[in-house]
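So the structure is just underneath, and the comments pick up after that.
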Amino acid sequence: MNFDNLKKNQKYVVQLLENSFKEKRLVHLYLFSGVKEALKLDAAFYLASLILCENGGACGKCDECKKIMQFSNPNLYLVSPSGDTIKKEQIEALEHEFGFAIDKPHVFIIQNIEKATPTAANTLLKFLEELHQDCYGILLTDNLSAVIPTIVSRSQVVRFLPVQAASIRDELTKRGIGKEKASVIANLTADINKAFELAKDKKIDYLINLAISVSFEFENSNGYLSFINNKKEFEKLDKQYLIYFVEILMMLQKDKIDCLLYRNDDLIFEETIESCNLLRSKDEEVEILEILLKYRDRLESNANSDMVFTGMFISLNL
Ligand SMILES: [Zn+2]
């Protein structure tokens, strides 16, 4: 294993981990969340080599680093599902391994933590309570919503964009586009040329601002008013932009849900953090996301867009 691919394709994550490491702000439990191909395991090995390296962090040359690359470092313990689940015995084996007097840092990685059985999850939570201060855990998941909430709330969640989206966002920020807009565009298209085009498109700025004002007024039921005030301009837009609008509302909604669930320093919209204490319950925010998803699909299936938006706002009870 080497980290070139990771450094090229998940720059933001690498930077986040390196900064936390340099500033001695590493937490003891990370939860890496993202699609299967998002290089989460590579990032976990990279974080392990920051922590275990004898030369101040992922030098790639010391014994510890070399052994990590060869998958043979005794201070790095990897748990993967056995069959379809992660079993209690596997967590007990991990605990046993970490139970001896520890004279140097240890790191464990658990793949697919969402597959932990309830008893395995409980054993893990107990183990975490007694975790030695030189021990670090990195949990990986392809499906954050399936991870037991008590585990999520104990960890710092790091969201991995799919490699393509991450590289589009990085390309845009390199060209001076702000992080919020770059992240939105990276989530709207997987085509880098289209992304450059959208970055110059003033309608995207308009849609982002409108979506933010509508979305945060969901909370006090004034979202429809913001929308109505903008309706004339909005109606002139092509169907594709209307779909973008609903997709941006969905991104805002996901941000809100993340904000309600965990400490998260990787939200797309700054407004989310400012408004986190004003949000509805998690279940209500999830319900709003599902409604948005349904109406996005209706727009795509070519339904009359005026009807779609009226129906959407009625469903949202606004
Ligand atoms: Zn090293």
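For what it's worth, the numbering used here labels the leading residue of the sequence shown as 1223, then goes sequentially. Quick reminder that beta carbons are idealized off the backbone N, C-alpha and C, glycines included.
As DSSP reads the structure, Arg1381 sits in a beta bridge with Ser1255. DSSP, read as helix, strand or coil, puts Cys1275 in coil. As computed with DSSP, Thr1307 is found in a beta bridge with Ser1304. Inclusion of Asn1277 in the 7 Å shell around ligand 1 follows from its C-beta lying nearer than that to a non-hydrogen atom of the ligand. Beta-bridge pairing by DSSP links Phe1293 to no other residue.
In the three-state reduction of the DSSP assignment, His1318 falls in the helix class, which pools H, G and I.
For Lys1283, the shortest separation between its Cβ and any heavy atom of ligand 1 lies below 7 Å.
Contact between Ile1465 and Arg1518 holds, with the beta-carbon distance rounding to 6 Å and staying under 8 Å. In this chain, the alpha helix (DSSP H) harbouring Ile1373 covers Pro1371 to Arg1376. Taking the Cα positions, Asp1528 is about 51 Å away from Phe1243.
DSSP, reduced to helix, strand and coil, places Leu1298 within a strand of the structure shown. Per the C-alpha coordinates, the member of Lys1504, Lys1476 and Ser1255 positioned closest to Leu1514 is Lys1476. For Ala1280, the shortest C-beta to heavy atom distance toward ligand 1 is below 7 Å. Classified as exposed, His1318 has fewer than 16 neighbouring CB atoms from the shown chains inside 10 Å of its CB. When DSSP states are grouped into helix, strand and coil, Phe1267 belongs to the helix group.
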